[in-house]
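**Student:** Got a structure here, written out as C-alpha coordinates. Questions coming.
Residue numbers (the working numbering): -8 to 128.
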(Lines of atoms letter the chains of each structure in order from A and count residues from 1; the text may use other names and numbers.)
(Lines give C-alpha, C1' and ligand atoms only; values in the text may rest on other atoms or scores of the structure.)
Protein backbone atom coordinates (compact mmCIF):
# COMPACT_ATOMS: atom_id res chain seq x y z
CA UNK A 1 0.00 0.00 0.00
CA UNK A 2 1.60 3.30 -1.06
CA UNK A 3 2.07 6.18 1.35
CA UNK A 4 -0.26 9.14 1.23
CA UNK A 5 1.08 12.59 0.39
CA UNK A 6 0.96 13.61 4.04
CA UNK A 7 2.88 10.50 5.08
CA UNK A 8 5.46 11.07 2.36
CA UNK A 9 5.96 14.68 3.52
CA UNK A 10 6.35 13.49 7.12
CA UNK A 11 8.88 10.86 6.04
CA UNK A 12 10.84 13.47 4.08
CA UNK A 13 10.84 15.77 7.11
CA UNK A 14 12.08 12.97 9.35
CA UNK A 15 14.82 12.09 6.83
CA UNK A 16 15.96 15.70 6.49
CA UNK A 17 15.97 16.13 10.27
CA UNK A 18 18.02 12.95 10.64
CA UNK A 19 20.52 14.18 8.07
CA UNK A 20 20.69 17.56 9.79
CA UNK A 21 21.23 16.02 13.23
CA UNK A 22 23.79 13.35 12.37
CA UNK A 23 24.75 12.98 8.69
CA UNK A 24 27.36 10.32 9.37
CA UNK A 25 24.87 8.06 11.16
CA UNK A 26 22.20 8.75 8.55
CA UNK A 27 24.47 7.71 5.70
CA UNK A 28 25.58 4.59 7.56
CA UNK A 29 22.01 3.36 8.15
CA UNK A 30 20.78 4.31 4.72
CA UNK A 31 21.14 0.69 3.59
CA UNK A 32 22.52 1.35 0.15
CA UNK A 33 25.80 -0.40 0.76
CA UNK A 34 24.57 -3.94 0.24
CA UNK A 35 22.48 -3.22 -2.84
CA UNK A 36 24.81 -1.65 -5.37
CA UNK A 37 27.89 -3.50 -6.51
CA UNK A 38 29.82 -2.62 -9.61
CA UNK A 39 30.05 -5.04 -12.51
CA UNK A 40 33.81 -5.19 -12.07
CA UNK A 41 33.39 -6.23 -8.42
CA UNK A 42 30.88 -8.92 -9.45
CA UNK A 43 33.30 -10.26 -12.05
CA UNK A 44 36.11 -10.38 -9.50
CA UNK A 45 33.90 -12.18 -6.98
CA UNK A 46 32.74 -14.69 -9.61
CA UNK A 47 36.32 -15.42 -10.67
CA UNK A 48 37.37 -15.95 -7.05
CA UNK A 49 34.38 -18.18 -6.45
CA UNK A 50 35.25 -20.37 -9.47
CA UNK A 51 38.88 -20.54 -8.32
CA UNK A 52 37.75 -21.56 -4.83
CA UNK A 53 35.41 -24.21 -6.25
CA UNK A 54 38.26 -25.60 -8.35
CA UNK A 55 40.53 -25.75 -5.29
CA UNK A 56 37.78 -27.40 -3.25
CA UNK A 57 37.29 -30.19 -5.77
CA UNK A 58 41.01 -30.52 -6.54
CA UNK A 59 41.81 -30.82 -2.84
CA UNK A 60 39.55 -33.84 -2.53
CA UNK A 61 40.97 -35.52 -5.63
CA UNK A 62 44.62 -34.70 -4.88
CA UNK A 63 46.71 -37.40 -3.20
CA UNK A 64 48.48 -34.76 -1.05
CA UNK A 65 46.64 -34.68 2.28
CA UNK A 66 48.92 -33.84 5.19
CA UNK A 67 47.71 -35.74 8.23
CA UNK A 68 44.73 -37.07 6.26
CA UNK A 69 43.18 -33.58 6.09
CA UNK A 70 42.45 -32.05 2.66
CA UNK A 71 44.14 -28.68 3.26
CA UNK A 72 43.71 -27.60 -0.38
CA UNK A 73 39.95 -28.05 -0.05
CA UNK A 74 39.95 -25.89 3.06
CA UNK A 75 41.83 -23.16 1.20
CA UNK A 76 39.30 -23.46 -1.64
CA UNK A 77 36.42 -23.03 0.77
CA UNK A 78 38.06 -19.98 2.33
CA UNK A 79 38.56 -18.45 -1.14
CA UNK A 80 34.88 -19.10 -1.97
CA UNK A 81 33.80 -17.52 1.29
CA UNK A 82 36.02 -14.53 0.61
CA UNK A 83 34.41 -14.13 -2.82
CA UNK A 84 30.97 -13.98 -1.20
CA UNK A 85 32.14 -11.39 1.32
CA UNK A 86 33.75 -9.37 -1.47
CA UNK A 87 30.48 -9.40 -3.40
CA UNK A 88 28.39 -8.33 -0.42
CA UNK A 89 30.64 -5.73 1.19
CA UNK A 90 32.78 -4.43 -1.64
CA UNK A 91 30.84 -1.39 -2.82
CA UNK A 92 31.90 2.04 -3.93
CA UNK A 93 31.93 4.24 -0.85
CA UNK A 94 31.93 7.45 -2.86
CA UNK A 95 28.36 6.69 -4.01
CA UNK A 96 27.16 6.15 -0.45
CA UNK A 97 28.57 9.52 0.69
CA UNK A 98 27.10 11.67 -2.08
CA UNK A 99 23.86 9.87 -2.88
CA UNK A 100 20.82 10.80 -0.81
CA UNK A 101 17.13 10.05 -1.08
CA UNK A 102 15.39 12.78 -3.01
CA UNK A 103 18.52 13.64 -4.98
CA UNK A 104 19.87 16.22 -2.55
CA UNK A 105 23.52 16.68 -1.82
CA UNK A 106 24.81 15.70 1.59
CA UNK A 107 25.87 19.27 2.32
CA UNK A 108 22.31 20.24 3.25
CA UNK A 109 20.27 23.20 2.17
CA UNK A 110 16.55 23.66 2.21
CA UNK A 111 16.02 22.70 -1.44
CA UNK A 112 12.41 22.71 -2.59
CA UNK A 113 10.96 21.97 0.82
CA UNK A 114 10.76 25.65 1.78
CA UNK A 115 11.07 26.34 5.48
CA UNK A 116 13.07 24.28 7.92
CA UNK A 117 13.27 25.07 11.60
CA UNK A 118 16.68 24.97 13.20
CA UNK A 119 15.44 25.43 16.77
CA UNK A 120 15.68 22.44 19.06
CA UNK A 121 16.80 18.95 18.32
CA UNK A 122 15.19 16.25 16.26
CA UNK A 123 13.65 14.49 19.25
CA UNK A 124 12.21 17.74 20.60
CA UNK A 125 10.50 18.50 17.30
CA UNK A 126 9.06 15.00 17.10
CA UNK A 127 7.73 15.27 20.67
CA UNK A 128 6.13 18.65 19.87
CA UNK A 129 4.41 17.22 16.80
CA UNK A 130 3.21 14.25 18.82
CA UNK A 131 1.75 16.52 21.51
CA UNK A 132 0.06 18.80 18.95
CA UNK A 133 -1.54 15.81 17.25
CA UNK A 134 -3.18 14.67 20.49
CA UNK A 135 -4.18 18.21 21.52
CA UNK A 136 -6.11 18.61 18.27
CA UNK A 137 -8.21 15.51 18.85
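Quick reminder that beta carbons are idealized off the backbone N, C-alpha and C, glycines included. Fair warning: this is a prediction, and the values are worked out from it, not measured in the lab.
At what residues does the alpha helix (DSSP H) containing residue 18 begin and finish?
**Tutor:** 14 to 19
**Student:** Among the candidates 117, 37, 70, whose CA atom is the shortest distance from the CA of residue 50?
**Tutor:** 70
**Student:** In the DSSP assignment, find the unbroken alpha helix (DSSP H) run with residue 71 in it and report its ends.
**Tutor:** 62 to 80
**Student:** Quick one: Cα of residue 15 to Cα of residue 53, how far?
**Tutor:** Straight-line Cα distance between these residues: approximately 50 angstroms.
**Student:** Which residue marks the beginning of the alpha helix (DSSP H) containing residue -5, and which one marks its end?
**Tutor:** Counting along the chain, residue -5 falls outside any alpha helix (DSSP H), and DSSP gives it neither H nor E.
**Student:** Three-state secondary structure (DSSP) at residue 41?
**Tutor:** helix
**Student:** Sort -1, -7, 8 by Cα distance to residue 117 and report the nearest one.
**Tutor:** Looking at the Cα atoms, 8 is the closest of the given residues.
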